[in-house]
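Undergrad: In our numbering, the protein residues as written are 12 to 491.
All C-beta atoms, glycine included, are put in the ideal place defined by N, C-alpha and C.
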Amino acid sequence: MDLRPGEREFQQRARDVGPDGFVLVGISRMEDGETPISLYRKLLPLGAHYLLESAGESDGPGRYSIIGLEPREHLIFEKESSPFEGLEASLRRYRVSIPEGFPPFVGGAVGYITFEAARYIEGDLLFAPSPWPDGEFSIAGTYAILDHFTHTLHLLTLAPATAEGYARGKARLLEVQQAIREGDGFLPEVPLPEEEPPSGSSFPRAAFLAAVRRAQEAMARGEVLQVVLAQKLRRGLLGHPFDIYRALRSLNPSPYLFYLDFGPRILAGSSPETLLKVEGRRLIHRPIAGTRPRGETKADDEALLEELLKDPKEASEHAMLVDLGRDDLSRVCRPGTVRIVEERAVEKYSRVMHLVTELQGELAEGLSPLQALKSVFPAGTLTGAPRRKALEAILSLEPEARGPYGGVVGYVGFNGQMDMAIAIRMVALREGRAEIGAGAGVVQGSVPEREYQETMDKARAVEEALQMARILSPVGGVGR
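#1: For the 8 Å Cβ check, are there 3 or more pairs between the stretch 208 to 219 and the stretch 376 to 391?
#2: For T394, count the other beta carbons within 10 Å of its own beta carbon; 16 or more makes it buried, fewer makes it exposed. Which is it?
#3: In its own chain, which residues sit with a C-beta less than 7 Å from the C-beta of S265, not counting the 5 before and 5 after it?
#4: Hey, out of Y61, F138, A449, E460, whose CA is closest to R471's CA?
#5: How far does the beta strand (DSSP E) with E84 in it reach, from first residue to last?
#6: Return helix, strand or coil for G377, following the three-state DSSP convention.
#7: Throw me the rounded Cβ distance for the L286 and K181 pair, which I believe falls under 8 Å.
#8: Helix, strand or coil: how does DSSP classify I255 here?
#9: Helix, strand or coil for A66? Go by DSSP, reduced to three states.
#10: From this set, R293, Q237, E460, which residue's C-alpha is nearest P396's C-alpha?
#11: Below 8 Å on the Cβ atoms is my contact criterion, and I expect D339 with V289 to pass it. Report the Cβ-Cβ distance as a whole number of Å.
#12: Using DSSP with H/G/I as helix, E/B as strand and the rest coil, what is Y154?
#13: Count the other CB atoms, across all protein chains shown, that sit within 10 Å of the CB of Q23; report buried if there are 16 or more and exposed otherwise.
#14: F33 and A172 - do their beta-carbons sit closer together than 8 Å?
#15: Jot down the residue ranges of each uninterrupted beta strand (DSSP E) in the stretch 276 to 324, minimum 3 residues, whole runs only, in chain order.
#16: Does R441 come out as helix, strand or coil in the three-state DSSP assignment?
#17: Counting C-beta neighbours from all protein chains within 10 Å, is the total for M41 16 or more, i.e. buried, or is it exposed?
#18: Report yes or no: do three or more beta-carbon pairs, one from the stretch 134 to 147 and one from the stretch 77 to 92, lie closer than 8 Å?
#19: Can you tell me the Cα-Cα spacing of A174 and V28, whole angstroms?
#20: Go ahead and label D31 buried or exposed: buried means 16 or more other beta carbons lie within 10 angstroms of its beta carbon, across all protein chains shown.
#21: Where do the N-terminal and C-terminal ends of the alpha helix (DSSP H) with E99 fall, by residue?
#22: Grouping DSSP H, G and I as helix and E and B as strand, with all else coil, what is V454?
#23: In chain order, what residues of the same chain have a beta carbon less than 7 Å from the beta carbon of E133, not counting five sequence neighbours either side?
#24: Smallest Cα separation from A412: which of R130, G250, G196?
#25: Rounded to whole angstroms, what's the CA-CA distance from L136 to V363? Just pull it up for me.
#26: Is it a yes or a no for the stretch 245 to 261 touching the stretch 403 to 410, going by three-plus beta-carbon pairs under 8 Å?
#27: Can you name, in chain order, every residue of its own chain whose Cβ lies under 8 Å from the Cβ of D322, other than the five neighbours on each side?
#28: Run through DSSP, which three-state label would G490 get?
#29: For A151 and L374, what's the separation of their Cα atoms in angstroms?
#30: Identify the continuous alpha helix (DSSP H) that holds V343 and give its terminal residues.
#31: Which stretch, first to last residue, makes up the alpha helix (DSSP H) that contains T392?
#32: Do you know offhand how far V357's Cα is from S407's?
#33: Do Q455 and A222 come within 8 Å of each other at the CB atom, strictly closer than that value?
#34: Kindly give me the distance between the Cβ atoms of G73 and Y61, rounded to whole angstroms, as I take these residues to be in contact under 8 Å.
#35: Assign V343 to one of two classes, buried (16 or more other C-beta atoms within 10 Å of its C-beta) or exposed (fewer than that).
#36: Name the two residues that bound the continuous beta strand (DSSP E) containing I124.
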């Protein structure tokens, strides 16, 4: 076993971080016979509980797939415990020495922050109660990272910075290797109903259309420019949660594919939208505004694309949210560093196409990635503009809390790197029920029926994934 770092270097690094710290140790080997799905299933007995992936150009895989094992710490933020400050304080306790040569993600906190966590930013607004915590993160002790470009599997573990830490880290990695070599890959059984439970929506069509008109009345009075209204579709769980994820990654490959199994709460999604990415001191923000369904033929697709690009309502909405994003970044970036690097690009997904603009800036000295996240949270593309007035409208018009939908999902690494996607195009699972959130941006020129249909278009891939999982998972819940 070619363990990195070597034992002598490990002991030096252990002295540097002290006995309460950790040294990241790992092995790397060629791997072209396993997939992220097969690896996750084989590693379930060792505590696999999340999988992060990405679909790159031409719907192919992004470079890395990340599996977290053996949660060292599970963080739940609720009852007036801010996930922003709480997560930062928790990560600060970890002193981790990271050798050179490992993938960009070298461990950290993976999880989600719900939409209602905006109350820690807009403290005087009254948010509806939610059955979800404000945030939930896992700090795993061991990681399996598959590099699809080099066909390399990296196995990493946090070894205690003690005299016996090196041996403990080596033993753990041997255990992981054995599980991959000998594991059967069967999913544990999940009891499922034989009949489909009743479905519904938090916002039936007539009520949604009425809410759109009320939002437009507020716009006519000059109170707000745009409001994103969302509904939650409720569906019964008729497939294994992991099979829902398998179906979704196939039906709707996206830059952010995620499966978080936090016991009683599970998220499975395929988000297209970066809220905030931090690479060193560089901040990346990519607002999406402007949507059309995909056409059934190439000609239909091109016609819909032309319609999207020429629609003045979509252009106005997009410009408004790009301006909001620029203002958000300017509050936490060095003066003069915020710029547009890509404007009104078209990104196509399996069921919809979007307009996307990329903004970048340099994080100001003295500020952390999580402080920067607060500046752009919740996403303007999920609230509207101005954000404060749009939030007030959402809280008065939507019938219940959004929960994870419209929040963020992603990671904050031990090395300060962060990548947070907006929590959309996903299913939130709790107590045997599935919830699918979907929204549409309402402006004064909106056609209410069209905005309602946009929410249904956005939810379609997730709905199809629920049905596909029913086929993948035999009744009784035994995965294949």
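TA: Well, looking at it:
#1: With a cut-off of 8 Å, the stretch 376 to 391 and the stretch 208 to 219 do not count as touching, because too few Cβ pairs lie within range.
#2: It counts as buried.
#3: For S265, same chain residues with a beta-carbon under 7 Å away, outside a window of 5 residues either side, are A66, S281, S282, P283, Y360, R436 in chain order.
#4: Between R471 and the set Y61, F138, A449, E460, the nearest pair of CA atoms involves A449.
#5: First-last of the beta strand (DSSP E) with E84: 75 to 88.
#6: Secondary structure at G377: coil, using DSSP grouped into helix, strand and coil.
#7: With a beta-carbon spacing of about 38 Å, L286 and K181 fall beyond the 8 Å limit used to define contacts.
#8: Helix.
#9: Strand.
#10: Checking the sequence shown, residue 396 turns out to be Ala, not Pro. Of the listed residues, the one whose Cα sits closest to A396 is Q237.
#11: About 14 Å; that fails the 8 Å criterion.
#12: The answer is strand: DSSP assigns Y154 an E or B state.
#13: Looking at its Cβ environment, which holds fewer than 16 other Cβ atoms inside 10 Å, Q23 is exposed.
#14: Cβ atoms of A172 and F33: closer than 8 Å.
#15: For the stretch 276 to 324, the full-length beta strand (DSSP E) segments reaching 3 residues or more read 276 to 282, 285 to 290, 293 to 296, 299 to 304 along the chain.
#16: Reduced to three states, the DSSP call for R441 is strand.
#17: With fewer than 16 Cβ atoms within 10 Å of its Cβ, M41 is classed as exposed.
#18: At 8 Å Cβ cutoff, the stretches touch.
#19: Looking at the two C-alpha atoms, the distance is approximately 13 Å.
#20: With fewer than 16 other Cβ atoms from the protein chains shown falling within 10 Å of its own Cβ, D31 counts as exposed.
#21: Run containing E99: 94 to 103, per the alpha helix (DSSP H) assignment.
#22: Looking at V454 - three-state DSSP - the assignment turns out to be coil, as it is neither helix nor strand.
#23: Correct list, in chain order: R399, L402.
#24: Comparing Cα-Cα distances from A412 to each of R130, G250, G196, the minimum goes to R130.
#25: The C-alpha of V363 is placed about 33 Å away from the C-alpha of L136.
#26: No: fewer than three Cβ pairs fall under 8 Å.
#27: So the qualifying residues of the chain are G301.
#28: Residue confidence for G490 is low, a pLDDT of 42 falling below 50, so the modelled location carries little weight; the figure read from the coordinates is stated next. In the structure shown, G490 sits in coil (DSSP, three-state: anything other than H, G, I, E or B).
#29: Distance between the alpha carbons of A151 and L374 is about 27 Å.
#30: Secondary structure note for V343: it is in no alpha helix (DSSP H), with a DSSP letter that is neither H nor E.
#31: Looking at the DSSP string, the run of the alpha helix (DSSP H) that includes T392 is 391 to 394.
#32: Distance between the alpha carbons of V357 and S407: 33 Å.
#33: Judged by their CB atoms, A222 and Q455 are not nearer to each other than the 8 Å cut-off.
#34: Between G73 and Y61 a beta carbon distance of about 16 Å is seen, past the 8 Å cut, so the two are scored as non-contacting.
#35: With 16 or more Cβ atoms within 10 Å of its Cβ, V343 is classed as buried.
#36: 119 to 124 is the extent of the beta strand (DSSP E) around I124.
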